[in-house]
Amino acid sequence: MSVKPTAKTVLVVDDHTFVKAFYTMALKPYNLNLVFAYDGQEAVDRARDTSPDLILMDINLPRMDGTEAARLIRNDPALKDVWIIAVSGRSPEEYGGKSAGFTQCLKKPITVEQLRSAISQYLKLE
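In the numbering used here, the protein residues as written are 21 to 146.
As structure tokens, this is what we get:
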């Protein structure tokens, strides 16, 4: 009997329902465990609760922006090595990009192919 590997967990942080639906549709073939957060504070809380393998983080969020959330996540010893991909309509220079703790930065609008390529690179998906 073969044992199915545990699904990787991806934390999706965005305050727009249609963006969450896009991620759900685009990532469905990978059988990922998607966890959603609406704002930066919720992202930090969910990251601490779920220990995701990767985080897709919008920058322009209510309550706490994605840059501050990424900083708090990076300062948590249990989460300091998680991959965090910034997905924003703003340029990386505007929010700090990699120097702000993001592993990679994708500029909106992104395509399904761009999203899948970025995720696959870090999670070693086929």
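From the three backbone atoms N, C-alpha and C, an ideal C-beta is built for every residue, glycine too.
| Item | Value |
| --- | --- |
| Are ARG83 and ASP59 closer than 8 Å when you measure CB to CB? | yes |
| Helix, strand or coil for TYR115 per DSSP? | helix |
| Is it buried or exposed, GLY121, if we count other Cβ atoms within 10 angstroms and call 16 or more buried? | buried |
| In chain order, which beta strand (DSSP E) runs of at least 3 residues are fully inside the segment 83 to 144? | 103 to 108 and 124 to 127 |
| Does the distance from the CB of ALA46 to the CB of VAL132 come in under 8 Å? | yes |
| Output yes or no for whether 8 Å exceeds the beta carbon distance between ILE105 and ALA67. | no |
| Assign ALA27 to one of three DSSP states: helix, strand, or coil. | coil |
| Could you work out which residue in GLY116, GLY109 and VAL32 is closest to THR70 when comparing CA atoms only? | VAL32 |
| What is the rounded straight-line gap between the Cα of LYS28 and the Cα of ILE139? | 11 Å |
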